[in-house]
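Just so you know, the sequence shown maps onto residues 49 to 600 in our numbering.
Here the structure is laid out as structure tokens; the discussion comes afterwards.
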Amino acid sequence: MDDCREAYLCVNGSNMSSDTNPQLEHEELEKFRRKLKYFFMNPSDKYKARGKKPWKLMLQIIKIAVVTAQLVWFGLSNQMVVQFKEENLMTFRHLFLMNFTDASRDSYAVYTQRDVYTHISYAVQQFLMLPNTTVGNHECQREGDAFTPLTVCQQFYSNGSISPANETFNINAQVDEECFKISPMVSSSPLTSHPLNLTLNFERLLSVMVKFTLKAINLQTVQHHELPDCYVFNIMIRFDNRPHSGRIKIDLDNDVDISKCRDWTLTGASASNMYMMVVFDVVIIITLAVSLVLCTRSVKAGVLLQFEYVEFFCSCYGKRVPLSDRMEFINVWFILIIISDVLTITGSVLKIVIQLKAVASYDLCSILLGTGTMFVWIGVLRYMGYLKKYNILIVTLRASLPNVIRFTCCAAMIYLGYCFCGWIVLGPYHTKFRTLNMVSECLFSLINGDDMFNTFKMMEQKSCVVWLFSRVYLYTFVSLFIYMVLSLFITLITDTYDNIKQQQMEGEPVSDLQMFITQCKKSKHISVKENTDTHLICGIYRQHKSSEKIDC
Numbered sequence: 049m050d051d052c053r054e055a056y057l058c059v060n061g062s063n064m065s066s067d068t069n070p071q072l073e074h075e076e077l078e079k080f081r082r083k084l085k086y087f088f089m090n091p092s093d094k095y096k097a098r099g100k101k102p103w104k105l106m107l108q109i110i111k112i113a114v115v116t117a118q119l120v121w122f123g124l125s126n127q128m129v130v131q132f133k134e135e136n137l138m139t140f141r142h143l144f145l146m147n148f149t150d151a152s153r154d155s156y157a158v159y160t161q162r163d164v165y166t167h168i169s170y171a172v173q174q175f176l177m178l179p180n181t182t183v184g185n186h187e188c189q190r191e192g193d194a195f196t197p198l199t200v201c202q203q204f205y206s207n208g209s210i211s212p213a214n215e216t217f218n219i220n221a222q223v224d225e226e227c228f229k230i231s232p233m234v235s236s237s238p239l240t241s242h243p244l245n246l247t248l249n250f251e252r253l254l255s256v257m258v259k260f261t262l263k264a265i266n267l268q269t270v271q272h273h274e275l276p277d278c279y280v281f282n283i284m285i286r287f288d289n290r291p292h293s294g295r296i297k298i299d300l301d302n303d304v305d306i307s308k309c310r311d312w313t314l315t316g317a318s319a320s321n322m323y324m325m326v327v328f329d330v331v332i333i334i335t336l337a338v339s340l341v342l343c344t345r346s347v348k349a350g351v352l353l354q355f356e357y358v359e360f361f362c363s364c365y366g367k368r369v370p371l372s373d374r375m376e377f378i379n380v381w382f383i384l385i386i387i388s389d390v391l392t393i394t395g396s397v398l399k400i401v402i403q404l405k406a407v408a409s410y411d412l413c414s415i416l417l418g419t420g421t422m423f424v425w426i427g428v429l430r431y432m433g434y435l436k437k438y439n440i441l442i443v444t445l446r447a448s449l450p451n452v453i454r455f456t457c458c459a460a461m462i463y464l465g466y467c468f469c470g471w472i473v474l475g476p477y478h479t480k481f482r483t484l485n486m487v488s489e490c491l492f493s494l495i496n497g498d499d500m501f502n503t504f505k506m507m508e509q510k511s512c513v514v515w516l517f518s519r520v521y522l523y524t525f526v527s528l529f530i531y532m533v534l535s536l537f538i539t540l541i542t543d544t545y546d547n548i549k550q551q552q553m554e555g556e557p558v559s560d561l562q563m564f565i566t567q568c569k570k571s572k573h574i575s576v577k578e579n580t581d582t583h584l585i586c587g588i589y590r591q592h593k594s595s596e597k598i599d600c
């Protein structure tokens, strides 16, 4: 790259205007180089050049500490909520499902009509006798002076007849539903084997749903200086007969609503301790807001400096600035920090609302705080990258990312082809290929060498053709992705790593921008307070090149 100063010195005798000072242009050019050099300095060099303290660096260190502490505290609180919901779900299964065991969860079913009536009666009886059986603080939901009743609903085809012996059927596909309710106040005595006055037509029966609502209070939060929450469990026991295979699968699930208790009195604990976390969250929000403003200002300064450099480069050299050089001004780390600040601020506000018992969106808050904290810790790599012995990971990832993305897109086409083929062919004969999601997880595990023998072993041999196809399918997939695709993927990264190591050893600039900055004269102090005039820098050069067409 020719120096702009040399360009106008060459035409100084014939084309220079009388009102243009070459010395002034030279000073402006050096000032612009120093401005660029200062922009790309690390905090340590900026402190040595101008004595500017690294406020953003110190703020990021403080932010990492407080955000991590906030996440840990919220994680402990969320863990209690998750534990309480999971233990209650297991309790309900043991209370309302007859002869239920943890090992029989996936195979819990009935096979006779009498068993269906017996299990429905058992669930209803346990609901009516709940206050005398449960060891928890569960109670039925109250609406005014009465309790919310239990509801039993059956769904069935509206009309039809089936005769498997004659291979005939007549079914109306319209689905009807019948429901009746049982109030906890109606009966308090044990039920007989079939007291529900419920008649099921198993030929047309699709499902039976037993639905009721229970309430409970999570008291373990008191020990962690938090107000207890009130829980509403909408419990559903489903008897699924849609396959009409002679096996009616039974499952219990619940929907949980968490809300603030209406009236409460808490003694033996200071209420101020419970609101200290709210104050701490407010401090975190203020810290993140300051970080967001500083990083946004830095990104804006980089964009403005990019426009200034593009204008200078076009005016002085008559060349387009490549995209790689323009992207050097966009600090991806600052953008990552901005995203993490926005996510964490949103999560902190939601966390305050949760602590004040206005909402109970624990899952959304966990996603926001978890993702924000993850980006904060990843952002630490920016400061590690200033050390030449530690920046090899960052430089390698940045250089290899475009090639890796292109390679992954091509490999994904082959991977999706295997997914669809395995799902449609092997799905009926292999438990790991039942759904597309399971197929994708199984194949991804095979790429990493996980559970490979069991995948081969679990293939059913009911069809010789399908069994032979499965051997070819699995062997070709393993060979293609482990020995070729995965090896090529690793080769892309290792080649990039070798090229970067070679460039670091040679110490040569790899872009026009870096070459231009290296021409800056060494100075003990760098001043960038004055604005540079790119039009003045290359004014004479534009006069000399006015006869040539420059498309920038």
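Virtual Cβ for every residue (Gly too), placed ideally from N, Cα, C.
Handout entry: Cut-off 8 angstroms between Cβ atoms - residues of its own chain near L105, not counting five sequence neighbours on either side
Key = P91 and Y431
Practice task
Go through the stretch 221–308 residue by residue and report every complete run of the beta strand (DSSP E) that reaches 3 residues or more, in order.
Solution key: 253–266, 277–288 and 296–308
Handout entry: Unbroken alpha helix (DSSP H) run spanning T524, endpoints
Key = C512 to L528
Practice task
Determine the closest residue to H292 out of I219, N282 and F250, with distance taken between C-alpha atoms.
Solution key: F250
Problem - DSSP state of Y438 mapped onto helix, strand, coil - result: coil
Problem - Three-way DSSP call (helix, strand, coil) for L404 in this model - result: coil
Practice task
Pull up the distance between the alpha-carbon of F175 and that of T199, whole angstroms please.
Solution key: 11 angstroms
Handout entry: Contact under 8 angstroms by Cβ, K263 with V280
Key = yes
Handout entry: Buried or exposed by the 16-neighbour rule on C-beta atoms within 10 Å, applied to G427
Key = buried
Problem - Nearest-angstrom Cα separation, counted from Q108 out to T392 - result: 13 angstroms
Exercise for the section: Within the same chain, show all residues whose beta-carbon is closer than 6 angstroms to that of V487, passing over the 5 residues directly before and after it, in chain order. Expected result: C467, G470, W471 and F481
Problem - Beta-carbon contacts of I110 that lie in its chain and below 6 angstroms, excluding the five residues immediately before and after - result: none
Practice task
Throw me the rounded Cβ distance for the D613 and Q118 pair, which I believe falls under 8 angstroms.
Solution key: The displayed coordinates of the chain run from 49 to 600. Any statement about residue 613 would go beyond what the structure contains.
Problem - CB contact flag (L536, F455, <8 angstroms) - result: yes
Problem - Cα-Cα separation between C309 and I265, rounded to whole angstroms - result: 8 angstroms
Handout entry: Contacting residues, own chain, Cβ-Cβ under 6 angstroms from T421 (five flanking each side not counted)
Key = V115 and L119
Exercise for the section: Mind reading off the beta-carbon distance from F217 to L253? Whole number of angstroms is fine, and I expect it under 8 angstroms. Expected result: About 15 angstroms; that fails the 8 angstroms criterion.
Practice task
Under 8 angstroms by Cβ, that's how I've got D303 and N282 pegged, so tell me the actual separation to the nearest angstrom.
Solution key: 4 angstroms
Practice task
Give the straight-line distance between the Cα atoms of K348 and V326, rounded to the nearest whole angstrom.
Solution key: 33 angstroms
Practice task
Determine, using beta carbons only, whether S255 and R290 come nearer to each other than 8 angstroms.
Solution key: yes
Exercise for the section: Tell me whether D543 is buried or exposed, calling it buried when 16 or more other Cβ atoms sit within 10 Å of its Cβ. Expected result: exposed
Handout entry: Separation of I219 from D193, as counted between CA atoms
Key = 45 angstroms
Practice task
Quickly, what does DSSP pair A194 with across the bridge? List them, please.
Solution key: E191
Practice task
Let me know if T479 comes out buried or exposed under the rule of 16 or more other beta-carbons within 10 Å of its beta-carbon.
Solution key: exposed
Handout entry: Cut-off 6 angstroms between Cβ atoms - residues of its own chain near S307, not counting five sequence neighbours on either side
Key = C278
Handout entry: For Q550, three-class secondary structure by DSSP
Key = helix
Practice task
List the residues that DSSP assigns as beta-bridge partners of F204.
Solution key: D224 and L253
Problem - Best match in M89, K94, G123 and K85 for proximity to S414 [C-alpha to C-alpha] - result: G123
Handout entry: C-alpha gap between E489 and H186, whole angstroms
Key = 39 angstroms
Handout entry: At least three beta-carbon pairs within less than 8 angstroms, the stretch 329–338 to the stretch 388–407
Key = yes
Practice task
Name the one or two DSSP bridge partners that T216 has.
Solution key: S211
Practice task
Pull up the distance between the alpha-carbon of R345 and that of V380, whole angstroms please.
Solution key: 14 angstroms
Problem - Distance between beta carbons of Y463 and L491, contact taken as under 8 angstroms - result: 7 angstroms
Practice task
Please report the Cβ distance between C201 and C227, rounded to the nearest whole angstrom; I am assuming they are in contact, meaning their Cβ atoms lie under 8 angstroms.
Solution key: 4 angstroms
Handout entry: Residue range of the alpha helix (DSSP H) that includes I109
Key = W103 to F144
Exercise for the section: Work out the CA separation of D389 and I112 for me, nearest whole Å. Expected result: 11 angstroms
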